[in-house]
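Using my numbering, the first residue of the sequence shown is number 216, and each one after it goes up by one. Data first, discussion second: the structure below is written as structure tokens.
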Amino acid sequence: MADKPKLNKTALKGQRDALSKYQKFLPILQLKKMQLQLVIRQLEPVVEKQRQDMERAVGGIKPWAALLTDQAADLDGLLVVKDVLTDRDNIAGVEVPEFREVTFEEKPYSLFATPPWLDMAVAALRRLIALREELRVLMEKERILREELRTTTQRVNLFEKKLIPELKENIRKIKIFLGDEETSAVGRAKLAKAKLVQQQEVAS
């Protein structure tokens with residue numbers, strides 16, 4: 216619970232300054248929230264398409280599955296992911312990964328000692344792995360953006376529903392108190408003046 220402000224002019228200035236700061240910052244947060252919501256909406260169908268492409272690639276490689284059990288076509292060590300290359304992008308002040316490519320380390324193999332379909336199987340597997348890694352990066356990007364949206368929404372709600380209303384109420388209370396104090400001071404001054412006049416009249 217926030218401490219109650221002191222009822223004086225210094226406190227009034229402090230509350231007004233804080234209110235001005237929050238009111239200037241709130242539109243920035245609201246804009247960030249809208250940008251994140253827009254990007255996430257645009258990203259959702261991209262992630263879904265990537266997932267469908269990967270499922271199709273899995274379906275496309277299934278015909279090779281039985282053939283890949285052949286010892287002469289053992290892919291173990293034949294195709295190894297060397298690196299998943301990504302770039303960094305900035306969206307609404309948030310750093311997110313952007314997929315670039317997958318690099319592979321391929322073990323040389325004899326065209327004469329391996330089945331003729333092995334080249335096609337390796338190419339299909341390369342595509343499947345690349346799709347899988349790109350989907351993984353897209354999902355990580357979406358996760359980061361959703362987490363940032365959650366945090367930003369919390370801050371917008373905090374400003375709109377708590378901080379700004381509390382400051383406005385504090386300012387209202389301080390102004391009422393200072394107004395009452397001023398009225399009382401004027402009243403006391405009038406009484407003191409009337410008393411002084413009365414004393415002067417008695418003395419004369």
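Every residue, glycine too, gets a C-beta built ideally from N, C-alpha and C.
Check this for me: beta carbons of residue i and residue j, under 8 Å apart or not?
i           : j           : result
residue 349 : residue 319 : no
residue 367 : residue 244 : yes
residue 362 : residue 255 : no
residue 346 : residue 237 : no
residue 193 : residue 360 : Outside the displayed range of the chain (216 to 419) lies residue 193, so it cannot be described from this structure.
residue 227 : residue 386 : yes
residue 393 : residue 224 : yes
residue 338 : residue 276 : no
residue 312 : residue 352 : yes
residue 247 : residue 307 : yes
residue 310 : residue 300 : no
residue 364 : residue 251 : yes
Going by C-alpha distance, which of the options is nearest residue i?
i           : options               : result
residue 273 : 298, 303, 233 and 343 : 343
residue 375 : 221, 222, 223 and 241 : 241
Can you name, in chain order, every residue of its own chain whose Cβ lies under 8 Å from the Cβ of residue i, other than the five neighbours on each side?
i           : result
residue 354 : 262
residue 286 : Confidence in residue 286 is poor, its pLDDT being 48 and thus under 50, which makes the residue's placement too unreliable to answer from.
residue 269 : 343, 346, 347 and 350
Please state whether DSSP places residue i in a helix, a strand or coil.
i           : result
residue 331 : coil
residue 300 : strand
residue 373 : helix
residue 323 : coil
residue 223 : coil
residue 293 : coil
In chain order, what residues of the same chain have a beta carbon less than 6 Å from the beta carbon of residue i, not counting five sequence neighbours either side?
i           : result
residue 235 : none
residue 221 : none
residue 303 : 310
At a cut-off of 7 Å, would you count residue i as near the ligand ATP, judging by its Cβ distance to the nearest heavy atom?
i           : result
residue 320 : No copy of the ligand ATP occurs in the structure displayed, which carries no ligand at all.
Grab me the residues of residue i's own chain with a C-beta within less than 7 Å of its C-beta, minus the 5 sequence neighbours each way, in chain order.
i           : result
residue 278 : none
residue 180 : The question about residue 180 has no answer, for the chain in this structure spans 216 to 419.
residue 266 : 350
residue 296 : 317, 319 and 344
residue 231 : 386
Mind checking residue i: buried by the 16 CB within 10 Å criterion, or exposed?
i           : result
residue 253 : exposed
residue 369 : exposed
Looking at the C-beta of residue i, does it have a partner C-beta in chain B at a distance below 8 Å?
i           : result
residue 317 : Note that chain B does not occur in the displayed structure, where there is just one protein chain.
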